[in-house]
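Undergrad: Protein chains in written order, with the working numbering: chain A, 1 to 137; chain B, 1001 to 1137; chain C, 2001 to 2137; chain D, 3001 to 3137. From the three backbone atoms N, C-alpha and C, an ideal C-beta is built for every residue, glycine too. Sending over a structure as structure tokens; questions will come in a sec.
Number of protein chains: 4
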Amino acid sequence: MAKLTRTGISLDRELLLRFDRVIAKKGYKNRSEAIRDLVRDYAINEDVEENRVVAGTLTMVYDHHRPKLSERLIEAQHHAEGKVLAATHVHLDHHNCLEVIIMRGRSNEVRHIADQILSLRGVKHGKLVLTTQGKGL
Amino acid sequence: MAKLTRTGISLDRELLLRFDRVIAKKGYKNRSEAIRDLVRDYAINEDVEENRVVAGTLTMVYDHHRPKLSERLIEAQHHAEGKVLAATHVHLDHHNCLEVIIMRGRSNEVRHIADQILSLRGVKHGKLVLTTQGKGL
Amino acid sequence: MAKLTRTGISLDRELLLRFDRVIAKKGYKNRSEAIRDLVRDYAINEDVEENRVVAGTLTMVYDHHRPKLSERLIEAQHHAEGKVLAATHVHLDHHNCLEVIIMRGRSNEVRHIADQILSLRGVKHGKLVLTTQGKGL
Amino acid sequence: MAKLTRTGISLDRELLLRFDRVIAKKGYKNRSEAIRDLVRDYAINEDVEENRVVAGTLTMVYDHHRPKLSERLIEAQHHAEGKVLAATHVHLDHHNCLEVIIMRGRSNEVRHIADQILSLRGVKHGKLVLTTQGKGL
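This is the structure we're talking about:
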């Protein structure tokens, strides 16, 4: 954790009450933490837009009975060597698997790896999340 | 404008500097205004989720030579009487028009009207924006 | 309209039935039109990513009693000369206005104009939609 | 895999060529697979909107030195018993961890669990992905 500083904002009383009500529903214990989360999210978007190094997770659902798909998935991950940090696999039912691949790299590289994997036949659905490495936040 | 109030937040100095840099790029003159925008956006999401009355704008691009499309678009807007406030039309080229329909109503109603219009044959692309009526913000 | 061509896709029967049910709810009269909309939307994303010329609409809600805001909004639009095609204004209530600005330009330019306007004090909320000019779709 | 069926769509030749170019860039080997992915994604949205049982993954970045955060994260996951299937943890640096929690449940329940976790102090950023269980796709 870095040095804390304090900043003040002025806003309409009615808006503030409404914000407090919404964040309470979401589970926030205090307003400062909720505003920090908004500020961080806004700042993180810049990392993604500027093609900086980010962390990314690709969630995908696929049919593991599809011929050769498992080999192709492993191959794609090995091609992306140094960028894939870990992968977790869950059996949803007899046919369907959910897999999450955790990556680190420049945002464009991570997006490219995700595109290649999601376009494989047998991968039914998937979504990529790009987030921060956490430094300076 | 309602009564102004003031609230303080504490956050990492490094994060604050980074936030300041990003908002300057976007054109913000000060931090307080940028944070207010984040707070408002967060609060407005609730209006949409809770099916409250919101304002909405539907942007769509269509080919006005498509037989009967103009009649169908007008008909759809009249079916939505009391909810369509205005519509603006721009000629993009000989074939293509862009039209923006401004609406007010419960978020689910506005979504339904947009779905019906976007599914018409000849409407090539479109997106709905849901926003606030502005009260209490 | 350009020359029509035909393509076939094979997919699970169960998925197709489900798709048919969802698109009927959204108002689609037939499957072909619904799939064309998905294909167009996918292709249009590329225009935005590649910084091609696109159409854009900025929806914003603001308080027109805010001192100097109207002048600033007009000034911002004039700075963007040649890119702002039209603007429509709706009075939501005594204080609040909704305005939609229709633009055409490279996606990054249109985004920049939107950022500058949304960061003005008194502009409470806004969203940018980027879409196609319609050619070749 | 269920029974395959075949459907035809007609669309502008120019649009089809453009679509082919975009999907090739993304890594698709053929058009049919790309369209199937669009169709599945559209159908899956309905599961989420209708509060059906879905799979979900929550990606979050946090500072594991934050006092009591680890306990609170474990507690939150245990409260969600039967819905959390697995969790994977990666050490990004001395302070920062990335964790992915894989869940299954009704979309509103999964969203609620995610909200509670993301609002904890020390959780810096996070995003929830909702996807299908894979059946009938």
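Which parts of the stretch 3023-3050 of chain D are runs of the alpha helix (DSSP H), unbroken and 4 residues or longer, counting only runs that do not cross its ends?
TA: For the stretch 3023-3050 of chain D, whole alpha helix (DSSP H) runs of length 4 or above, ordered along the chain, are 3031-3049.
Undergrad: Should D:Val3129 and A:Lys83 be called a contact, given that it needs their Cβ atoms to be closer than 9 Å?
TA: No, they are not a contact pair.
Undergrad: If we cut at 9 Å on Cβ distances, does C:Thr2131 have a partner in chain D?
TA: No, its Cβ sits nowhere closer than 9 Å to a Cβ of chain D.
Undergrad: Which residue comes first and which comes last in the alpha helix (DSSP H) that contains B:Asn1125?
TA: Checking the displayed sequence, the identity of residue 1125 of chain B turns out to be His instead of Asn. Unbroken run through B:His1125 is the beta strand (DSSP E), Val1123 to Thr1131; no alpha helix (DSSP H).
Undergrad: If I measure Cβ to Cβ from B:Ile1044 and keep anything under 6 Å in the same chain, skipping five residues before and after, which residues do I get?
TA: Around B:Ile1044: Thr1132.
Undergrad: If you draw a straight line from the C-alpha of C:Ser2107 to the C-alpha of C:Glu2050, how long is it?
TA: Answer to the nearest angstrom: the Cα atoms are 8 Å apart.
Undergrad: Give, in chain order, every unbroken run of the alpha helix (DSSP H) that is at least 4 residues long and sits entirely within the stretch 3043-3093 of chain D.
TA: If we require 4 residues or more, the alpha helix (DSSP H) runs fully inside the stretch 3043-3093 of chain D come out as 3069-3079.
Undergrad: Note down the Cα distance separating C:Ser2032 from C:Phe2019, rounded to an integer number of angstroms.
TA: Rounded to whole angstroms, C:Ser2032 to C:Phe2019 spans 11 Å at the Cα level.
Undergrad: Below 8 Å on the Cβ atoms is my guess for C:Ala2086 versus B:Thr1057; work out the distance and round it to an integer in Å.
TA: In fact, because the Cβ distance is near 13 Å, the residues do not count as touching under 8 Å.
Undergrad: According to the Cβ coordinates, are C:Val2061 and C:Leu2092 closer than 9 Å?
TA: It is a contact, given that the beta carbons lie within the stated cut-off.
Undergrad: At 9 Å on the CB atoms, spell out the chain D contacts of A:His125, in chain order.
TA: Chain D residues near A:His125: Asp3037, Arg3040, Asp3041, Ile3044, Thr3131, Thr3132, Gly3134 and Leu3137.
Undergrad: Identify the residues that DSSP records as bridge partners of B:Asp1021: which are they?
TA: According to the sequence as given, residue 1021 of chain B is Arg; it is not Asp. DSSP, once it has assigned bridges, lists no residue as partnering B:Arg1021.
Undergrad: Compare the C-beta of D:Arg3104 with all C-beta atoms of chain A and state if any pair is closer than 9 Å.
TA: At least one chain A Cβ lies under 9 Å of D:Arg3104.
Undergrad: Distance cutoff 9 Å, beta carbons only. Does C:Glu2049 sit that close to anything in chain B?
TA: It does not; no Cβ of chain B falls within 9 Å.
Undergrad: Using a C-beta to C-beta distance shorter than 8 Å, which residues of chain C count as neighbours of B:Asp1093?
TA: The answer, in chain order, is Gln2133, Gly2134 and Lys2135.
Undergrad: Run through DSSP, which three-state label would D:Ser3119 get?
TA: Three-state DSSP puts D:Ser3119 in coil, outside helix and strand.
Undergrad: Report yes if the CB atom of C:Asn2096 is closer than 9 Å to the CB atom of B:Gly1134, and no otherwise.
TA: Contact flag set, yes.
Undergrad: Let me see if you follow: with CB-CB separation under 9 Å, is A:Glu75 close to chain B or not?
TA: It does not; no Cβ of chain B falls within 9 Å.
Undergrad: To test your reading of the DSSP string, which unbroken alpha helix (DSSP H) runs of 4 or more residues are found completely within the stretch 2095-2119 of chain C?
TA: Counting only runs of 4 or more, we get 2107-2118.
Undergrad: Give me the chain A residues within the contact set of D:Gly3027, using Cβ-Cβ distance strictly less than 7 Å, ordered along the chain.
TA: Correct list: Asp115, Gln116 and Ser119.
Undergrad: If I'm right that D:Ile3113 touches C:Arg2036 with Cβ under 8 Å, what's the distance once you round it to whole angstroms?
TA: That pair is no contact at about 38 Å.
Undergrad: For chain D, check one thing: does any of its Cβ atoms lie closer than 9 Å to the Cβ of A:Ala55?
TA: It does; some Cβ of chain D falls within 9 Å.
Undergrad: Enumerate in chain order the residues of its own chain whose CB-to-CB distance from B:Val1123 is below 7 Å, with the five nearest sequence positions on each side excluded.
TA: Contacts found: Met1060, Tyr1062 and Ile1117.
Undergrad: Measuring only between beta-carbons, confirm whether B:Ser1032 sits less than 9 Å from chain A.
TA: Answer yes: the Cβ-Cβ gap between B:Ser1032 and chain A drops below 9 Å somewhere.
Undergrad: Taking Cβ positions, are D:Glu3099 and D:Leu3073 nearer each other than 9 Å?
TA: Cβ atoms of D:Glu3099 and D:Leu3073: closer than 9 Å.
Undergrad: From the DSSP output, in three-state form, read off A:Leu15 for me.
TA: Helix at A:Leu15.
Undergrad: What is the DSSP secondary structure of A:Gly8, reduced to helix, strand or coil?
TA: It is a strand residue.
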